[in-house]
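Chains as they are written, first to last, in the numbering used here: chain L, 98 to 340; chain W, 65 to 380.
Here it is, written out as structure tokens:
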């Protein structure tokens with residue numbers, strides 16, 4: 098059964114159509130990489146799935162519920178989805194541990210002791226156990242992003258959205274974050290990620306989706322899209338990355 | 065929410081019909097290159113729902129407002145003394161008769177307000193800037209500015225009015241007698257500058273250090289950085305707080321009546337004594353409320369505009 102299904106999703110900002118009829122289905126445990134140049138609609142697509150942007154037309158189905166219906170409880174929907182942002186968006190006034198336990202305690206009503214224990218396990222997994230009591234601004238970018246990922250998966254979401262999670266990091270720190278994402282993918286997490294890391298997409302994704310001007314121009318297994326792109330636009334785009 | 069222009073809306077399509085986007089235009093092209101697109105039945109139903117929901121919330125808000133107003137009204141007019149209070153405080157004839165004098169006084173309030181608002185902004189900003197100066201050379205100025213804000217935020221405005229309005233003229237520094245509204249303006253400026261400077265300082269400190277680094281790395285001096293980068297951003301951050309202080313000041317200009325100036329409050333007092341009726345005070349109060357409302361609305365509008373311009377994405 099598919100975890101996420103987009104049916105003919107349209108979204109415009111003013112006169113500019115950002116998404117122009119997106120159809121996409123993501124299966125349980127699948128890792129989908131969205132690639133495409135800036136402005137192709139990758140980030141907007143992720144934001145519409147998390148209901149941060151209302152869509153103009155079409156349908157977004159999470160599990161078996163149409164979440165684009167205005168009658169749905171958006172908070173309940175968002176509680177089922179984990180999101181990691183390009184700029185980490187950690188809460189600077191909370192310690193690393195409290196960043197992770199915030200939703201566990203206040204959305205999922207977990208007891209403080211249990212939430213703290215869960216955070217400790219996660220922090221250990223992302224290799225930051227000794228930073229639990231620090232505030233985010235004292236951490237490096239890579240460490241902050243690893244905390245952000247831990248925060249997103251703490252609530253065991255059905256779907257994890259990654260919005261160019263390594264774009265704000267310097268190259269030395271990209272590896273540690275990608276290793277963590279790979280780890281989650283191996284664990285069976287369903288992931289949709291917008292990325293500029295072509296090598297990583299080729300390596301980890303089950304499917305690569307090439308977006309161009311708000312449409313899905315081409316999609317398939319990484320070996321197909323990267324190895325033998327059908328569309329001229331895709332070839333052009335990929336050529337810039339391998340040059 | 066602006067409805068997407070240039071898109072024709074499907075009408076009468078049966079519910080549950082599959083979505084049919086048409087990439088190519090079926091009619092004449094609207095507004096440049098944008099082709100009209102059929103909107104799906106699902107989306108039309110959603111829009112109808114949102115519209116109904118919007119209409120329902122309007123109805124609910126009107127009904128609840130009316131109910132609250134009715135209850136308040138009934139509670140007040142059923143009090144035993146209502147008839148007397150109405151006669152003493154809400155007498156339309158006396159309101160009309162006293163309006164010209166109260167209005168004349170109110171114009172004095174407006175003049176004092178306009179003058180002190182400008183002075184407060186300038187003086188408050190100066191104080192805030194003094195407090196943000198770095199380096200040991202500036203210690204005396206920093207300390208002076210800090211002491212000033214401490215003292216003038218501590219003294220009640222009424223006492224400042226008395227001290228300035230009666231004390232300074234008593235020094236006979238200047239040979240001419242200055243009008244009361246001059247001293248009133250001075251007292252208001254002294255007190256409110258202390259508050260406003262703290263608001264500015266909070267705003268200046270809330271501008272992220274990286275902005276300062278970026279400006280200095282371009283070669284801008286400390287002063288240029290403050291003037292061109294930090295203060296404009298600080299100003300935006302603190303506009304609501306500043307407007308709040310401005311509204312408070314709009315009412316406090318009424319206190320200059322304590323110095324003997326015939327402003328709206330003093331005029332109302334005179335009229336009240338003449339008619340043995342409190343209605344003139346209510347008239348003055350109404351004028352002050354009418355003065356405050358545009359400021360409050362303006363603040364809301366301005367903050368919404370700034371937010372729309374500088375922040376991407378919807379408000380969650």
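The C-beta atom is built at its ideal place from N, Cα and C for all residues, glycine as well.
Interface with chain W (8 Å Cβ-Cβ cutoff): residue 267/L is excluded. Taking the beta carbon of residue 114/W as reference, the chain L residues within 7 Å of it are 167, listed in sequence order. Judged by DSSP in its simplified three-state form, residue 204/L adopts coil rather than helix or strand.
Short of 8 Å from the beta carbon of residue 242/W, and not among the five residues preceding or following it, lie these beta carbons of its own chain, in chain order: 233.
Using a Cβ-Cβ cut-off of 8 Å, residue 156/L counts as an interface residue toward chain W, since at least one Cβ of chain W sits closer than that to its own. Straight-line spacing of the CA atoms in residue 187/L and residue 234/L works out to 9 Å. Looking from the CA of residue 255/W, the closest CA among 298/W, 262/W, 303/W and 224/W belongs to 224/W.
When rounded, the separation of the alpha-carbon atoms in residue 255/L and residue 196/L is 20 Å.
Any Cβ of chain L closer than 8 Å to the Cβ of residue 269/W would place that residue at the interface, and such an atom is absent.
Around the Cβ of residue 261/L, a 10 Å sphere holds 16 or more other Cβ atoms; the residue is buried.
The C-beta distance from residue 302/W to residue 267/W rounds to 4 Å, short enough to fall under 8 Å. Secondary-structure assignment with DSSP links residue 290/L through a beta bridge to 130/L and 259/L. By the Cβ-count criterion, residue 245/W is buried, with 16 or more other Cβ atoms from all chains shown falling within 10 Å of its own Cβ. Taking CB atoms only, residue 104/W has a neighbour in chain L less than 8 Å away. DSSP places residue 148/L outside both helix and strand once states are collapsed to three, so it counts as coil. Think of a sphere of 7 Å around the beta carbon of residue 110/W: the chain L residues whose beta carbon falls inside it are 166 and 167, in chain order. Taking residue 332/W as the centre and dropping the five residues before and after it, the same chain places the C-beta of 166, 344, 345 and 348 closer than 6 Å to its C-beta, in chain order. Fully contained in the segment 119-176 of chain W are the following alpha helix (DSSP H) runs of length 4 or more, in chain order: 146-153. The beta carbon of residue 245/W sits no closer than 8 Å to any beta carbon of chain L. Residue 315/L sits in a strand when the DSSP states are folded into three classes. Contact between the segment 101-113 of chain L and the segment 266-285 of chain L is absent, with fewer than three C-beta pairs closer than 8 Å. In this structure, the beta-carbon distance from residue 107/L to residue 152/L falls below 8 Å.
DSSP links residue 162/L through a beta bridge to 159/L.
Around the CB of residue 200/W, fewer than 16 other CB atoms lie within 10 Å, so the residue is classed as exposed. The beta carbon of residue 228/W sits closer than 6 Å to the beta carbons of 247, 250 and 251 from its chain, once the five residues preceding and following it are set aside; these are given in chain order.
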